[in-house]
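Have a look at the structure below, then the notes.
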Amino acid sequence: MTFAPFVLITSTTETLRDLPRVLVNEAYTDAIAAAGLIPVVLPPVSPAVAVAAIEDIAGLVLTGGEDVDPRHFGQAPHPATGTPHAGRDASELALARRALDQRIPTLAICRGAQIMNVALGGTLVQDIPSQHGGTINHDPHRRTQRVHGVSIDASSRLARVLGATSIVTNSSHHQSIDAIAPGLRVVARSEDGVVEGIEASDEDWWMIGVQWHPEELTDTPEDWDRRLFAAFADAVREAGRD
Ligand code: MN
């Protein structure tokens with residue numbers, strides 16, 4: 275019998291009806307399942323448990339969510355920075371570093387791309403409107419609409435995967451990547467210069483991080499976001515054969 279590979283999907287916690295719950299947007303698990311993979315939701319567990327959980331798992335999705343605590347990149351919080359989730363930060367930082375060590379195929383989405391950059395030594399813009407300026411509202415609260423253009427480096431894995439160097443994406447983010455971490459490279463930007471895509475410099479590691487939300491765009495006429503999940507699934511299947 276053949277089993278599709280498992281993929282770890284990170285999550286948050288939130289109190290609903292007086293009880294703290296583990297929570298992840300269904301769009302992520304749906305998109306992963308639609309790509310032929312088995313989504314396994316990992317709660318914000320301790321770094322030791324997170325590292326144990328990713329053992330023998332062929333892929334990782336770092337999902338969107340809260341602002342990353344700026345203390346993890348050596349800065350005091352900006353007044354507009356949201357309340358951090360210490361347990362989630364710790365869990366995902368450990369997963370991101372483990373993914374690098376083990377060359378685990380990783381799709382890092384929104385906060386996930388930011389966590390990856392911070393885990394590997396980069397920094398973030400904490401509040402785009404006050405610290406970056408620019409001409410685009412990157413958080414217009416229209417998650418499923420393509421609201422701004424993104425230009426992609428033609429030499430990147432991301433461009434090959436999408437089959438395009440110019441796309442239009444949704445946008446729902448408050449932070450963005452500032453100083454890029456060693457071992458990563460910026461491969462996509464919006465018209466106002468905000469970093470919208472990163473990837474591993476080393477071709478041996480399939481790691482793409484995007485600032486937009488591809489999981490919300492898989493049903494659109496444009497096939498870019500379906501292609502992203504399909505390429506991730508190919509990388510996971512390839513890794514799972516080791
Ligand atoms: Mn954006």
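Just so you know, my numbering puts 502 at position 228 of the sequence shown, and the rest follows in order with no gaps.
All residues carry an ideal CB built from backbone N, CA and C; glycine is no exception.
Got a sec, what are the start and stop residues for the alpha helix (DSSP H) residue i sits in?
i, result
"E340", "Premise fails: E340 is in no alpha helix (DSSP H) and is neither H nor E."
"S404", "I402 to Q405"
"R500", "W498 to G514"
"E300", "E300 to A308"
"V392", "R385 to A393"
Assign residue i to one of three DSSP states: helix, strand, or coil.
i, result
"L436", "helix"
"S365", "helix"
"H352", "coil"
"I378", "coil"
"I454", "coil"
"G408", "coil"
"V325", "helix"
"R459", "strand"
"M275", "In this prediction, M275 scores a pLDDT of 36, lower than 50, which makes its location untrustworthy; no coordinate-derived value is stated."
Going straight from the alpha carbon of residue i to that of residue j, what length do you get?
i, j, result
"S404", "D466", "14 Å"
"R295", "S429", "42 Å"
"L369", "P495", "34 Å"
"E477", "A509", "12 Å"
"T492", "C384", "16 Å"
"A393", "R371", "6 Å"
Could you pull the start and end residues of the beta strand (DSSP E) that residue i belongs to?
i, result
"A474", "V469 to A474"
"R295", "L293 to L297"
"H487", "From DSSP, H487 is part of no beta strand (DSSP E); its letter is neither H nor E."
"H422", "H422 to I426"
"L316", "I312 to L316"
"F280", "F280 to T284"
"G333", "G333 to L336"
Looking at residue j and residue i, is the spacing between their C-beta atoms short of 9 Å?
i, j, result
"R362", "T439", "no"
"F503", "A308", "yes"
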